[in-house]
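This report concerns only the one structure given below.
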Amino acid sequence: NAGVMQNPRHLVRRRGQEARLRCSPMKGHSHVYWYRQLPEEGLKFMVYLQKENIIDESGMPKERFSAEFPKEGPSILRIQQVVRGDSAAYFCASSPNRGSHSYEQYFGPGTRLTVT
Amino acid sequence: GDSVTQMEGPVTLSEEAFLTINCTYTATGYPSLFWYVQYPGEGLQLLLKATKADDKGSNKGFEATYRKETTSFHLEKGSVQVSDSAVYFCALSDDAGGTSYGKLTFGQGTILTVHP
Numbered sequence: 090n091a092g093v094m095q096n097p098r099h100l101v102r103r104r105g106q107e108a109r110l111r112c113s114p115m116k117g118h119s120h121v122y123w124y125r126q127l128p129e130e131g132l133k134f135m136v137y138l139q140k141e142n143i144i145d146e147s148g149m150p151k152e153r154f155s156a157e158f159p160k161e162g163p164s165i166l167r168i169q170q171v172v173r174g175d176s177a178a179y180f181c182a183s184s185p186n187r188g189s190h191s192y193e194q195y196f197g198p199g200t201r202l203t204v205t
Numbered sequence: 351g352d353s354v355t356q357m358e359g360p361v362t363l364s365e366e367a368f369l370t371i372n373c374t375y376t377a378t379g380y381p382s383l384f385w386y387v388q389y390p391g392e393g394l395q396l397l398l399k400a401t402k403a404d405d406k407g408s409n410k411g412f413e414a415t416y417r418k419e420t421t422s423f424h425l426e427k428g429s430v431q432v433s434d435s436a437v438y439f440c441a442l443s444d445d446a447g448g449t450s451y452g453k454l455t456f457g458q459g460t461i462l463t464v465h466p
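Residue numbers (the working numbering), protein chains in the order written: chain L, 90 to 205; chain E, 351 to 466.
Shown next as structure tokens:
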């Protein structure tokens, strides 16, 4: 059973460009979480999605960031007009169960975004 | 809001030494508690978890006990190995009356280096 897949693993963008980060959850998982890890910091929750629905986006910056999890295909985290402060590692995690506080989340290897 | 505080690192030990990494938390509901480990260049892996007070999570020689009275979940290992060198994150997932959807709140991480 393949784990959570993220691509690309490394992404370099110039200021003002768009970044698209992809996450394929584990087989059978329909719940996806995105987290951001800034340098020297812990991970911070961004958004929680189920298929075709955004359930909780309380951690998402209000502008330039969006996320989707379509019926078919991977979940996408999209950052428009990137700035240097967006440079971070972005991790996706999936869970097999309806979002619950007692269930494990399985993490992907992350996408390391560098904005030049 | 919810928060997790870990002892500041980095922590450097010799092989076979005893390890303690302190973790305390604040939460509004009845959280589940987790320790995740991150090896260089990789995503997070669940190390152990506890879902209610006085539970002890254990895995690979690591242990942590959910102490509600002290709001703590300290990680311990009796004899560390070089292969344990990694970043360790304490995290909680709060039930918050059923509205938190399982999102994780992380501590800032503790870098552990074990020398031969």
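Ideal Cβ placement from N, Cα and C applies to all residues, glycine included.
Under the three-state reduction of DSSP output, Arg173 of chain L falls in the helix class. Within the same chain, Cβ atoms closer than 6 Å to the Cβ of Asn96 of chain L are found at Arg111, the five residues on either side in sequence being excluded. Nearest CB-CB separation between Gln458 of chain E and chain L: below the 8 Å threshold. Spanning the alpha carbons of Ile165 of chain L and Cys181 of chain L requires a straight line of approximately 10 Å. Looking only at E:Ala414, E:Val430, E:Gln388 and E:Gly359, the smallest Cα-Cα distance to Ala367 of chain E is reached by E:Val430.
Shown here for Gly105 of chain L: same chain residues with a beta carbon closer than 6 Å to its own, the five before and five after excluded, namely Gln170 in chain order. Per DSSP, the beta bridge partners of Tyr195 of chain L are L:Ser183. Distance between Lys151 of chain L and Val172 of chain L, taken at the CA atoms: about 14 Å.
Taking a C-beta cut-off of 7 Å against chain E, the contacting residues of the stretch 129 to 150 of chain L are Glu130, Gly131, Leu132, Phe134, Tyr137, Ile144 and Asp145, listed in chain order. Membership of Arg167 of chain L in the beta strand (DSSP E) is indicated by the continuous run Ser164 to Ile168. Looking at the DSSP output, Leu442 of chain E shares a beta bridge with E:Leu383 and E:Thr455.
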